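Chains as they are written, first to last, in the working numbering: chain A, 2 to 137; chain B, 2 to 137.
See structure below.
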DNA sequence: AAATATTCTGCAACTCTGTTGCAAGTTAGC
DNA sequence: GCTAACTTGCAACAGAGTTGCAGAATATTT
């Protein structure tokens, strides 16, 4: 897929099979993935450390973003072009307590919150846990 | 402090110095604490494992709740009486990117969100990162 | 197409976080 | 005070994440 290479190029990253594979794993599975998920999917081909570093690089370049979770950290693709300079996310994350999948609800935005004086918000993260449509 | 003993008793927990100390640490510092914070404060008196188990117990009994965070897990006191059966939290967490403290904004509630059909929400967690009044 | 500079990868080693089993110590209730 | 039930500390382990370094791969220049 040339699209993978393009994405990497746009973010000034060299094309390597590991990066292509990690990226395409994010694209194919659509939910948020942990390092462990990726290691499970690609671990035979790449070293643990390489996967960690790939995630870190993607994070810095704005290709993926962190998804907080009761039981750890996951990552999901940034939909709108985030950059090295600024991540901009205001969508909601939903974690299913039945199947365990976490997904970005791209269409739902976090409602505005009026903070008391003195608080300067920069970054919002809303996680909703419950049962997803598939498991319902 | 008898209040500490009372709190423990209410939740059917035996009075031990470790539990009293952990509880009073949460009461004195008012922000959310990680296991590491507690180990720093009490680590010379108690074993790491004991602190872990104390946190786990408090969590199950509804004395503290989890606070999600970019860089790990913290815990904070439940203000309204949560129980073993049900935790009920709808307040907002604010993490200061300058001093690193995370606090519960007890007075601010998470705004209602209208989820698409099929999603059954059970649990909300909103983390706002930015600069707090102290660091502003 | 070859040489070079730059960047990535794998390995080894390590740190930090969190868990489990078990024996010894402590608490609460009688 | 005695007993049953619970809690703690220790040791050992599992998992998550990081760092340094040498060798391999990529992009670039000629």
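We put the beta carbon where it would ideally sit given N, CA and C, even for glycine.
Since we're looking at a predicted model, the values are computed, not measured.
Residue 61 (chain B) at chain A interface by Cβ criterion, 8 Å: Here residue 61 (chain B) refers to the residue found at position 60 when the second chain is read from its first residue. It does not; no Cβ of chain A falls within 8 Å.
Residue 59 (chain A) Cβ short of 7 Å to the ligand FMN heavy atom set: The ligand FMN is absent from the structure shown, which contains no ligands of any kind.
Proximal residues of chain B, C-beta to C-beta of residue 132 (chain A) below 8 Å: Sequence index remark: in the first chain, residue 132 (chain A) carries index 131 (1-based). Those within 8 Å of residue 132 (chain A) in chain B are 120, 121, 123.
Contact with chain B by residue 38 (chain A), beta-carbon distance below 8 Å: Position 37 of the first chain, counting from 1, holds the residue named residue 38 (chain A). It does not: the Cβ of residue 38 (chain A) has no partner Cβ on chain B nearer than 8 Å.
8 Å Cβ cutoff, residue 91 (chain A) in contact with chain B: As a working mapping, residue 91 (chain A) is identified with position 90 in the first chain. So no, residue 91 (chain A) is outside the interface.
Closer than 8 Å to chain B by CB, residue 35 (chain A): Against the first chain, residue 35 (chain A) aligns to sequence position 34. So no, residue 35 (chain A) is outside the interface.
Exposed unless 16 or more other CB atoms sit within 10 angstroms - verdict on residue 32 (chain B): Sequence index remark: in the second chain, residue 32 (chain B) carries index 31 (1-based). Residue 32 (chain B) is buried by the Cβ-count criterion.
Nearest to residue 14 (chain A) (by Cα), restricted to the options A:69, A:85, A:39, A:77: Your numbering for residue 14 (chain A) matches position 13 in the first chain. The candidate whose alpha carbon is nearest that of residue 14 (chain A) is A:85.
Between the CA atoms of residue 27 (chain A) and residue 28 (chain B) - distance to the nearest angstrom: The residue labelled residue 28 (chain B) in the question sits at position 27 within the second chain. The residue labelled residue 27 (chain A) in the question sits at position 26 within the first chain. Distance between the alpha carbons of residue 28 (chain B) and residue 27 (chain A): 43 Å.
With 16 other Cβ atoms within 10 Å as the buried cut-off, status of residue 48 (chain B): Position 47 of the second chain holds residue 48 (chain B). With fewer than 16 other Cβ atoms within 10 Å, it is exposed.
Stretch-stretch touch, CB-based, cutoff 8 Å, three pairs: the segment 84-103 of chain B with the segment 95-103 of chain A: no
Chain B contact residues for residue 137 (chain A), given Cβ-Cβ distances below 7 Å: Stepping through the first chain from its first residue, residue 137 (chain A) is reached at position 136. Neighbours of residue 137 (chain A) on chain B, chain order: 119, 121.
CA nearest to the CA of residue 104 (chain B), picked from B:131, B:24, B:116, B:20: As a first step, residue 104 (chain B) is located in the second chain; it is residue number 103 there, counting from the start. Among B:131, B:24, B:116, B:20, the Cα nearest to that of residue 104 (chain B) belongs to B:131.
Where the beta strand (DSSP E) containing residue 67 (chain B) begins and where it ends: The residue you call residue 67 (chain B) lines up with position 66 of the second chain. From DSSP, the beta strand (DSSP E) with residue 67 (chain B) extends over 65-70.
8 Å Cβ cutoff met for residue 127 (chain A) and residue 69 (chain B): Counting from one through the first chain, the residue named residue 127 (chain A) turns up at place 126. Counting from one through the second chain, the residue named residue 69 (chain B) turns up at place 68. No, these two residues do not count as a Cβ contact at 8 Å.
Element boundaries [alpha helix (DSSP H), containing residue 121 (chain A)]: Taking the first residue of the first chain as 1, we reach residue 121 (chain A) at position 120. Counting along the chain, residue 121 (chain A) falls outside any alpha helix (DSSP H), though it belongs to the beta strand (DSSP E) covering 121-132.
Sufficient close CB pairs (3 or more, under 8 Å) joining the segment 49-63 of chain B to the segment 50-61 of chain A: no
First through last residue of the beta strand (DSSP E) which encompasses residue 40 (chain A): Position 39 of the first chain, counted from the first residue, corresponds to residue 40 (chain A). Per DSSP, residue 40 (chain A) belongs to no beta strand (DSSP E); it is in the alpha helix (DSSP H), 36-43.
Collapsed DSSP secondary structure at residue 1 (chain A) in the structure displayed: Missing from the structure shown is residue 1 (chain A); chain A here goes from 2 to 137 and no further.
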